[in-house]
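Inspection log for the structure reproduced underneath, given as structure tokens.
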Amino acid sequence: LQGLSQGAIPIGSFNYGAKNPERVRATFRLLAKLSVLYSTMLWALIMLFPALFARIFTPDAALIAFTGRALRVYAAAMFIMGIQIACQMTLISVGDSKASVTIAVVRKFVLLIPLIYILPAFLPDRTMAVYLAEPVADFIAVIFTMILFAKRFRRALRELEA
């Protein structure tokens, strides 16, 4: 997913530099579609076959069973991460790396780390609460990302068209 989205940066940047806002929009739309498709396919594989992924790292049946449950919780919101990655990388391609870094910081430091400490205090299964922090942070971060992206991307294209 990172490779796909980072590969789109030069295309978006070239079209942004060429003052071609429609190609910038088209690049983003294609990247968003492919990223959501990819993240959804990976999410579906994890949800359907979590033990398969655990078996890559261990033959221990108890650990595989636990990992299967934990991986489903941890990856519960993975299908929407294509949106975040596409928006974040598109912001880089239009020269707004500060917004891109803000998105990354909000997701991991502002949301995830506090949720890792907060959720176990409120849920009976403290271990699963730690794993649950990831999809909760992802869900909130994607909403934040879409709002910030909509404002910054529109502004970047308006400046380009002016």
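Just so we're aligned, residue -4 is where the sequence shown starts under our numbering, counting upward by one.
Think of the CB as a built atom: it goes at the ideal place given N, C-alpha and C, for glycine as much as any other residue.
In this text, all values refer to a predicted model and were calculated from it rather than measured experimentally.
The C-alpha of Ile78 is placed about 12 Å away from the C-alpha of Ile135. Within the region 51 to 119, the alpha helix (DSSP H) runs of at least 4 residues that lie entirely inside it are, in chain order, 56 to 69, 76 to 88, 92 to 100 and 108 to 117. Here Ala94 is buried. Its C-beta has 16 or more other C-beta atoms within 10 Å. DSSP, reduced to helix, strand and coil, places Phe139 within a helical segment of the structure shown.
Taking C-beta atoms as the reference points, Met42 and Arg67 count as a pair closer than 7 Å. At a Cβ-Cβ threshold of 7 Å, Leu155 and Ala128 do not count as neighbours.
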